[in-house]
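First to last, the protein sequences are chains G and P.
Residue numbers for the first sequence follow my numbering, beginning at 1 and rising by one.
Residue numbers for the second sequence follow my numbering, beginning at 1 and rising by one.
In this text, a Cβ means the ideal position worked out from N, Cα and C, and glycines have one as well.
Predicted model, so just to flag it, every value in this text is computed and none were measured.
Contents: one structure, followed by commentary.
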Amino acid sequence: MGQQPKLGGTKLGEARLDGNVIIGELIRNMELGRFEMTYTVLLPCVFTVYLNPQDHAMLRGVFDLVIDDARKALRARVTELNNDSGLLGIRRRTKSAKEFKIAGREWSIEFLPEPEVPQGDVEIHSELNETSEPGYRGMKTTLMGREPVVSGHRTTGPRVQANYDAEPVFAEIRYEDDSGPQVYLMTQNRIRIGRGGDDQPMDLALYTNDEVSREHLVIQRDPGTGVFSVTDLSTNGTWMEGKRLRKGAAETLPDRANIGVGEVITLNFEARK
Amino acid sequence: MNTTWRAGVASDPGLQRSLNEDRVFADEKRGVFLVVDGLGGHAAGETAAEMALQVLQERTASFDGNSDLEREVREAISAANNEIYQLAQEHSECKGMACVLTLAVAREDHVTVGHVGDSRLYLAWNGELRKLTSDHSPVGEQEDKRELTEEEAMNHPRRNEVYRDVGSQVHEADDPEFVETKSFLFRPDAALLLCSDGLSDVLTSAQISSIVERYEGDPDEIAHQLIDAANRAGGKDNISVVFVPGAEFVGREAGALNAARQRHAVTRIREQSGRWRPILRNLCLVLIGMVLGIALWIGIQRFWP
C-alpha cells in the first residue's frame with residue numbers, strides 16, 4: 001500500500017534525512033501497528049526501515065548507533081504508554097488500563113536500501129514478532145506531510161502488457177445477475193456461491209432475490225486430478241444441464257456446463273485447461 | 001415516480017498534493033452522481049475535470065425521462081470529451097488535457113453507469129462489495145483478469161497509466177472503445193460507491209467494504225471516513241467519493257445493528273460489588289459453622305448418655 005510510483009523522478013530540492021525523523025517514524029509506526037487484546041496491547045517489535053539507496057549509503061556507518069538510540073526511544077515510549085497517568089500523576093485504575101508490551105525480548109531494526117523510496121524519505125514495515133503469518137505484511141508507514149519528491153502523475157498511454165506472476169485461473173464462470181453480465185475467474189480450489197450475507201462471505205456473491213440461498217452451491221476442484229465437482233446446498237435447488245442435483249451430494253462437473261441456480265440465474269461454467 | 005436520493009460526498013487533495021484535480025457532484029433530486037479525476041502530468045488536468053463537471057451537470061439536468069438512458073449518458077460524456085478537446089486545441093497551454101470519470105444516473109429502481117478510465121463504481125449489498133466498472137488501465141485490466149492480485153496492482157509502478165480518457169481525442173458517442181455503459185437494478189437495501197483512484201489505490205476492497213458497512217444513516221459520515229482512511233494509508237493522490245445508500249441500506253457493522261445482534265448472546269459477569277462481598281461471605285460461613293457447632297454440642301449434651 002502507498003508505494004510511490006516510479007514515474008518522472010524529478011527532485012524538488014535536497015531533503016536531508018535526520019536521525020530524529022527516522023526514530024520519530026519508528027515510534028509512529030509502532031503506535032499505529034498496535035494489536036489490541038483484552039488486557040494487553042502488543043506493539044510491533046520487528047522493523048524494516050527502507051531508505052533511498054543514497055541515504056542508505058550515507059548512513060551505513062552509523063546504523064548501529066541509530067538502532068541503539070531508537071531502541072532507547074521505543075522503550076521510553078512504551079514506559080510512557082504504560083504510565084499514562086491521570087491527574088496529579090496518579091495512575092487511574094480503570095478497566096481500560098491495558099499493558100503495552102512487545103512480543104519479543106528486544107526491538108529488531110533493520111535498514112535496507114530501496115530505490116522506490118524518495119531521497120529524504122523513510123518507509124517502515126513492521127511485524128508483531130519474528131514469525132509473522134505468511135501473507136501478513138504488518139503495518140507499513142511512510143513519512144508524510146511533505147511535497148512529493150517523485151511525481152506520481154497519471155499518464156495516458158497505449159495498452160501495454162506488463163509481465164507479472166499470474167495467478168492460475170482454473171475456470172471461468174459467466175453469468176448475469178441483477179448487476180448485469182459478469183465474469184468470475186476461479187483461482188481457488190473451492191468456491192462458495194450464493195447471495196451471501198449474515199457473515200457468510202461468498203467467493204462468488206450473486207446480486208439477486210432470495211430464491212437463491214445465502215450459500216447455494218459449492219464448486220470444487222481436485223488439485224490432484226484437476227476434476228471439478230459441484231454440490232448443491234440450497235433450498236430451491238441447483239441444476240446441471242437441466243438435471244436437478246441431489247442436495248449435499250457432490251456431482252462431477254464436466255469442463256463445460258450450464259449450472260442453474262434456483263430458477264433465477266444460469267452459470268456458464270468453463271474449465272481452463 | 002418521485003424518489004429523492006441521499007448521497008454522501010467528499011473530496012480531498014490527499015496528503016501529498018496541494019491541488020485537488022478531482023471533482024465530485026451529486027444531484028439527489030435527479031439521482032445523478034459523478035466523480036471526475038483530472039489527469040495530472042498533463043497540462044491543466046483540473047481544467048479538464050472542471051469542464052467535464054460543467055458539461056455533465058448541464059446535460060444530465062435536461063435528461064429526458066423517457067428515452068434510452070444509456071444512450072443519453074454516452075452522448076453526455078462524448079459532449080464533455082469533445083468540448084475539452086476543442087478547448088485544448090484553442091489554447092496551447094491546455095494541449096493534451098484530459099480526465100477520467102464515472103457517472104451514475106439512478107432512475108426509479110435502476111442505475112445507468114457511464115464510465116471512462118480508472119475511477120470506480122462499487123455496489124455494496126448483503127455485506128459484499130462488488131466492483132461494477134472495469135479499469136481502463138493496463139494494470140487494472142490485468143487485475144480484472146486475475147493476472148495480478150489486488151495488492152500487486154495497488155503497488156504496481158505503472159498503476160497511474162490509463163488507456164481511455166475524456167478529452168485527449170475526439171470520440172463519437174457510440175465508439176465502443178470509449179464510454180463503458182451498464183444498467184443494473186438498484187435494490188433499496190444496496191448502496192453505490194463512486195470513487196477516484198486515490199481511494200482504491202490505497203485501500204483494498206475489503207477495507208473499503210468494512211467502512212461502508214459502518215453506515216447507520218449519515219452518508220456524509222461514510223464519505224468522510226473513507227477519505228480519512230485513504231489519508232491514513234498515505235493519501236498519495238486526490239481522493240473523492242460519492243456514497244449513495246438505498247433507502248433500506250444498513251451497514252452490517254453499524255452500531256445499532258450490532259447492539260441488536262449482541263442482545264441475542266449477552267453474557268454478563270455477575271457484578272462483584274466492592275470488596276465487602278467476599279468478607280461477608282466468609283463471615284456467613286463462620287456463622288453457619290458456629291451454629292452447627294452449637295447444635296452439635298447441644299445434641300451431645302442432651303442425647304449422650
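Query, Result
"At 3 residues or longer, and completely inside the region 17 to 81 of chain G: list those beta strand (DSSP E) runs for me, N to C.", "40 to 43, 46 to 51"
"Kindly indicate which three-state DSSP category Q207/P falls into: helix, strand or coil?", "helix"
"Look up R232/P in the DSSP assignment and give the residues it is bridged to.", "Answer is none; R232/P lacks a bridge partner."
"Out of P168/G, N29/G, G120/G, state which residue places its alpha-carbon closest to the alpha-carbon of V78/G.", "N29/G"
"If the criterion is Cβ atoms closer than 8 Å, does the pair E253/P and D189/P meet it?", "no"
"Find the nearest neighbour of G8/P within the set E150/P, V241/P, A295/P, judged by alpha-carbon distance.", "V241/P"
"For A306/P and V113/P, which I take to be in contact (beta-carbon distance under 8 Å), what is that distance rounded to the nearest angstrom?", "The structure shown has nothing for residue 306/P, since chain P only spans 1 to 305."
"Rounded to the nearest angstrom, how far is the Cβ of A52/P from that of L101/P, given a contact under 8 Å?", "6 Å"
"With a cut-off of 8 Å, does the C-beta of G251/P fall near any C-beta of chain G?", "no"
"Taking the CB atoms as reference points, tell me whether V230/G and E251/G lie closer together than 8 Å.", "yes"
"Report yes or no: is there a C-beta of chain G within less than 8 Å of the C-beta of R23/P?", "no"
"Should E46/P be flagged as near chain G, meaning a C-beta pair shorter than 8 Å?", "no"
"Would you tell me roughly how many angstroms separate the C-alpha atoms of G19/G and L26/G, rounded to the nearest one?", "11 Å"
"Less than 8 Å between CB atoms is the rule here; does R146/P satisfy it with respect to chain G?", "yes"
"Just to confirm, is the Cβ distance from L39/P to C99/P under 8 Å?", "yes"
"Starting from the Cα of V21/G, find the closest Cα among V46/G, G61/G, D69/G and give me that residue.", "D69/G"
"Could you check the C-alpha separation between K182/P and G180/G for me, to the nearest Å?", "7 Å"
"Using CA atoms only, rank isn't needed, just tell me which of R190/G, E215/G, P113/G is closest to D198/G.", "E215/G"
"So what's R252/P in DSSP terms, helix, strand or just coil?", "coil"
"List, in order along the chain, the chain G residues whose C-beta lies closer than 9 Å to that of R130/P?", "S179, Q182, A205, Y207"
"When the cut-off is 8 Å and only beta carbons count, does N20/P lie next to chain G?", "no"
"List in chain order: all unbroken alpha helix (DSSP H) runs of 4+ residues lying wholly within the region 119 to 167 of chain P.", "138 to 144, 150 to 154"
"Quick check for students: name the residue ranges of the beta strand (DSSP E) that lie wholly in the region 54 to 116 of chain P, counting only runs of 3 or more.", "99 to 107, 110 to 116"
"DSSP puts L192/P in a beta bridge; with which residues?", "L123/P, V244/P"
"Answer with yes or no whether the minimum CB distance from T266/G to chain P is below 8 Å.", "no"
"For G33/G and G234/P, I'd like the C-alpha separation in whole angstroms.", "15 Å"
"In terms of alpha-carbon separation, which member of T40/G, W107/G, V66/G, P113/G lies closest to A97/G?", "T40/G"
"Which residues of chain P have a Cβ atom closer than 9 Å to the Cβ of G242/G, listed in chain order?", "Within chain P, no residue comes near G242/G; the closest Cβ sits about 27 Å away, beyond 9 Å."
"What are the start and end residues of the beta strand (DSSP E) that includes D175/P?", "Here D175/P belongs to no beta strand (DSSP E), and DSSP marks it neither H nor E."
"Does the beta-carbon of H136/P have 16 or more other beta-carbons within 10 angstroms, so that it is buried, or is it exposed?", "buried"
"Taking buried to mean at least 16 other C-beta atoms within 10 Å of its own C-beta, is K29/P buried or exposed?", "exposed"
"I need the straight-line Cα distance from P157/P to K72/G, nearest angstrom please.", "36 Å"
"Ignoring anything shorter than 3 residues, give me the beta strand (DSSP E) runs that lie fully in the region 2 to 31 of chain P, in order along the chain.", "8 to 12, 22 to 27"
"Let me check understanding here. Comparing Cα to Cα, which of V117/G, L74/G, G24/G, I265/G lies closest to N52/G?", "V117/G"
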